[in-house]
Structure formats: structure tokens, C-alpha cells
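So the sequences go chain by chain: C and U.
Following our numbering, the numbering of the first sequence begins with 817 at its first residue and continues without gaps.
Following our numbering, the numbering of the second sequence begins with 817 at its first residue and continues without gaps.
All residues carry an ideal CB built from backbone N, CA and C; glycine is no exception.
Quantities reported herein were computed from a predicted structural model and do not represent experimental measurements.
2 protein chains.
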Amino acid sequence: MSRRPVEPPRRQPQQLRARQTVDAILEAVIRILKREGTDAVTTNRIAEIAGVSIGSVYQYFPDKRAIFAALHQRHLEEIDRVIETTLIQNVSAPLDRLVCALVDAIIDAHCADPELHDLLLSQVPPHSGGSKSFAERTHGAFLLALSARSRELKKGRDLDKSVFVVTHMIESLCHGVVRQRPPRLPLADAKAEIVRAILAYLRS
Amino acid sequence: MSRRPVEPPRRQPQQLRARQTVDAILEAVIRILKREGTDAVTTNRIAEIAGVSIGSVYQYFPDKRAIFAALHQRHLEEIDRVIETTLIQNVSAPLDRLVCALVDAIIDAHCADPELHDLLLSQVPPHSGGSKSFAERTHGAFLLALSARSRELKKGRDLDKSVFVVTHMIESLCHGVVRQRPPRLPLADAKAEIVRAILAYLRS
DNA sequence: TCCATAATGTGAGGAAAGCTCACAAACTAT
DNA sequence: ATAGTTTGTGAGCTTTCCTCACATTATGGA
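See below:
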């Protein structure tokens, strides 16, 4: 179904200054986005703000979209770190504390820069570049976490299925709450309701 | 926060052929998207496939994004119709049947053309053009539906808050399931789990 | 029916954005 | 020092978005 021809390979940064160039480009996108808005994020402006030439940008990114994809990758890695940390910090905590901590951590991580996150969601098509989805990346860890707490779960349930649904609930609801802040509902209340919903599902 | 200047107003189609032109433009987008992929959807190609001149496109749409916004609006109206129909058809049905019917109808509506839906999600920024969000548009109707079934709900809950969370659960989870089809989970099972999760939350 | 006015349709081409390429500079290794 | 590799440059080519001056078609009153 992919109608885009295979992109020609680009150089991988090897020396320090090359990595600094790539970093400067990614940071420039964020700065332009926050200071001038989405429409100002053009390739030439990115190069200008990053303090490099437009040619350098295309040394490391095959096209404009790839720049957003790299930022997206960064975001995914951050979320993965947040989840891993939370799981470790709560290895022996009961189910409700773990779910609460997870929802809290994920929402906080997304609140840090909602504008950037919106841009990434809109510019990076899902499943692009062979990157695994949230569900695929976290399935194993969540399966382990739930297995260890099977006493607190309803018996006789297919854990794989439960993990899949919980994963989607966490991702979808956290995104939803951050992206469209409730008109009158404080964020803390929204978090609590998400936790309540997840626990209700797992115990039902 | 909107950095985009106010668009100059465009002509409203008044005669029949004008409405046909607008329709042809919107249909052209869908055809190009499905036959040639996202990248082929350029304004000039839209005009070509629609069989009108590029000038005509800009008679009715201030810019390219507005074309996607119009398609998005169409989609929203379809979903609203689907929800209204389902609510009416289930006025006297118990809560579980209603939730099941809603999830079924919404997922089916989104499965009809997932490629188009992905394009719209990626091209139309949320809250654009003064269009209300899913939550805002459906709040009243869902509030009514839940009020009428308060016997089946846990007592002493803030209905406004419940509606908000259920709304987000429906929107997020239906989108999530359609957009990233489970690797091994059949769609029917995923639907059932969404229903289970919503009911578990409402009854908890 | 004819004409004035409004609505609709046209497409060459201007403006701006994405991106390339031939070349220069900086670094590494021998 | 020298050869080879990596990194950096920016004028300008290509493509896309979009405008505008003008042509065509419809409408409504005399």
C-alpha cells in the first residue's frame, strides 16, 4: 500500500559536530513551532534557526517528514523510559498504585509540550519507518506486570487480550485528555477517572 | 495561539452546478487518495480529477487545508447521524444493549474508509474552524441517555463527569482499534472488550 | 425577448516551499 | 605532509499552492 518510493539512504552522523548538527536541527523545529507556529516550520527556516545550511539538513534527513519522524522517535523513547521507570519503581506495589502511577507519569510526560506532541501526531503517519506501535512496544512489560498481580485480577481472563485493551485505554485516554482539556474538569479528576475505568475493566 | 491570519471569505455555492463543483472536488480528493496515495493529493491534481480548473477550487476553499476540513465536517455529520440514529433506535433498550450498539455503529462507520479517515485526522488540526469536538457535540445526548438509565448506574456519581469519560473512551478506543488493527485479535473481540470496559466503568 | 447584473468557471503564471548538487572546508589516518 | 573521508555550503531547480484578470453561464426585470 506504500506509494512512496524507497528513500535514498542518508549519511549517519559519525563525528561529534555531526551529531550536534542533527540536534540543532531537531531543537530548531521545537523553537520555531513554539515561537512562530506550525506554518513557520519550513525547511529553510529550520536550517536558519539551527544555524546550519539547508544542505546540511538534507545530509541527515531524506525529507521534511523524516525530521518530524526523528522527533517522534525521541518522544517514543522518552515514553518508554517513563513506563519502564514506573514499572520498576512499582514492582511490588498493588495493582491500583501501579495503574495510578502509570497514568500519572504518561499524562505528565505528554503535558510537557502538548503543542509539539500535536504536531508530531499530525505529521508522522502511524506505523511509519518500521517503528513499532505503543501497543507492540509495551505488550511484554505490561503482560509481566499483570501476571505478577493475577491475584488482583478477575480469574479466567485472557491476559493477552486484557493487556491489549488496557494498553489502548491508557494510550487513547491519556492522549485524549491531554489534547482536549476538559472544559470544567480539572486534570487531576480526569486522571482519577481514567484510573477508575482501567481498574474497573481489569476487575470486572 | 492561532498564528494564522483570518482567511478572506470565499463564495458560497448557490446554483446547482456550483454545488456539483464542490462535490466533485471533495470526491476527487477521496479518489486520488485511494488510487494514488497521500502524496498525490495536490491542489492541481484535485482540480484535474474533479474536472474543474484550479481557479474553481479556490472559489470555494480558501486553501488546501479547507478542503480536508470540509471532508472532515462531512465525516463528523455522518458520525453524529449514526449516533443519533442509534440512540433513537435504543431509547428503551437497557444500558448494555445501547453501549454495544453505539460501539458497533461507530466502529463500522470508521471502518468504511480508514485511509480517508487517517488523512483527515492528520490534515485537520483539532478544534479548527470553530467546529465543536466530539465530546462537545455529543455531551447532551449522552447525558440524556445515561439519565434515563440511572437505575443501571452506580448511585451517587457525577453524571457530567461520567459522560465526559465515556465519551472519551468511545472516541479514543474506537479510533485506536480501527487505526491499529490488533495483530491477532479479531475486530469483534476488540469491540466486545471496549463494551465490557465501558460498562465496567459505568457500573463500578 | 433582450439586456444588465450576478454567479460561476478558467488557466497562465507569481510566490513560496521542498529539495539537489557541485563544490569547499574540516577532520582522520597513515 | 598527503590521501581519503566526513561534514558543511547555498545558489537555484522543481514542485506546489494560490491569485487574478478575464470569459462564460445563469437569473430576473423591462
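Check whether residue i and residue j have beta carbons under 8 Å apart
i, j, result
"phenylalanine 884 of chain C", "glutamine 939 of chain C", "yes"
"glycine 992 of chain U", "serine 944 of chain C", "no"
"isoleucine 862 of chain U", "isoleucine 848 of chain U", "yes"
"proline 941 of chain C", "glutamine 996 of chain U", "no"
"lysine 970 of chain U", "arginine 1012 of chain U", "no"
"alanine 866 of chain C", "alanine 844 of chain C", "yes"
"alanine 886 of chain U", "tyrosine 1017 of chain C", "no"
"leucine 975 of chain U", "leucine 959 of chain U", "yes"
"lysine 1007 of chain U", "aspartate 920 of chain U", "yes"
"threonine 838 of chain C", "threonine 859 of chain C", "With the sequence shown as reference, residue 838 of chain C is identified as valine, and threonine is not the correct amino acid for it. Their beta carbons are not under 8 Å apart, which means valine 838 of chain C does not touch threonine 859 of chain C by this criterion."
"alanine 840 of chain C", "valine 868 of chain C", "yes"
"lysine 977 of chain U", "glutamate 864 of chain C", "no"
Below-8 Å beta-carbon distance, residue i vs any chain C residue
i, result
"tyrosine 874 of chain U", "no"
"alanine 1022 of chain U", "This structure leaves residue 1022 of chain U out entirely; chain U is present only between 817 and 1020."
"valine 972 of chain U", "Residue 972 of chain U is actually glycine in this sequence, not valine. No, because no Cβ of chain C sits closer than 8 Å to the Cβ of glycine 972 of chain U."
"valine 993 of chain U", "yes"
"arginine 1012 of chain U", "yes"
"glutamate 987 of chain U", "yes"
"glutamine 889 of chain U", "no"
"serine 949 of chain U", "yes"
"proline 910 of chain U", "no"
"alanine 882 of chain U", "no"
"glutamate 1009 of chain U", "yes"
"alanine 1016 of chain U", "yes"
"serine 869 of chain U", "no"
"proline 998 of chain U", "yes"
"glutamine 830 of chain U", "no"
"serine 963 of chain U", "no"
Option in the options with minimal Cα separation from residue i
i, options, result
"isoleucine 895 of chain U", "U:Tyr876, U:Arg835, U:Ile923 and U:Ser869", "U:Ile923"
"proline 825 of chain C", "C:Leu1001, C:Pro878 and C:Gln905", "C:Pro878"
"histidine 888 of chain C", "C:Asp934, C:Cys916 and C:Asp974", "C:Asp934"
"leucine 903 of chain U", "U:His891, U:Leu918, U:Asp839 and U:Ala1006", "U:Leu918"
"valine 981 of chain C", "U:Pro1002, U:Ser966, U:Arg973 and U:Val838", "U:Pro1002"
"aspartate 1005 of chain C", "C:Cys916, C:Val868, C:Ile841 and C:Ala840", "C:Cys916"
"phenylalanine 950 of chain U", "U:Lys1007, U:Ala964, U:Ile870 and U:His891", "U:His891"
"glutamate 893 of chain C", "C:Ala925, C:Ile870 and C:Cys990", "C:Ala925"
"leucine 842 of chain U", "U:Leu932, U:Gln905, U:Gln830 and U:Asn906", "U:Leu932"
"arginine 965 of chain C", "C:Tyr876, C:Gln836, C:Glu864 and C:Asn906", "C:Asn906"
"lysine 948 of chain U", "C:Pro998, C:Tyr876 and C:Ala882", "C:Pro998"
"cysteine 927 of chain C", "C:Gly972, C:Glu1009, C:Cys990 and C:Gln830", "C:Cys990"
"glutamate 968 of chain C", "C:Tyr876, C:Leu914, C:Thr983 and C:Ile986", "C:Leu914"
"alanine 882 of chain C", "C:Leu936, C:Gln830, C:His984 and C:Ser963", "C:Leu936"
"valine 979 of chain U", "U:Tyr876, U:Ile1014, U:Gly946 and U:Arg1000", "U:Ile1014"
Residue i at chain U interface by Cβ criterion, 8 Å
i, result
"phenylalanine 980 of chain C", "yes"
"serine 938 of chain C", "yes"
"leucine 1003 of chain C", "no"
"histidine 984 of chain C", "yes"
"glutamate 968 of chain C", "no"
"serine 944 of chain C", "no"
"proline 930 of chain C", "no"
"lysine 977 of chain C", "yes"
"proline 1025 of chain C", "Nothing in the structure corresponds to residue 1025 of chain C, since chain C is present only between 817 and 1020."
"proline 941 of chain C", "yes"
Distance cut-off 7 Å: residue i Cβ against heavy atoms of the ligand MG
i, result
"alanine 921 of chain U", "Of ligands this structure carries none, so the ligand MG is not represented either."
Q) Does the stretch 954-963 of chain U touch the stretch 899-909 of chain U, meaning 3 or more C-beta pairs lie closer than 8 Å? A) Yes: the two stretches touch, three or more of their Cβ pairs being nearer than 8 Å.
Q) For the 8 Å Cβ check, are there 3 or more pairs between the stretch 909-928 of chain C and the stretch 848-857 of chain C? A) No, the stretch 909-928 of chain C does not touch the stretch 848-857 of chain C.
(Q) Quick check for students: name the residue ranges of the alpha helix (DSSP H) that lie wholly in the stretch 875-935 of chain U, counting only runs of 4 or more. (A) Here the runs fully enclosed are 880-905 and 911-927.
Q. Can you list the beta strand (DSSP E) stretches of 3 or more residues lying completely in the stretch 935-966 of chain C, in chain order?
A. Fully contained in the stretch 935-966 of chain C is no beta strand (DSSP E) run of length 3 or more.
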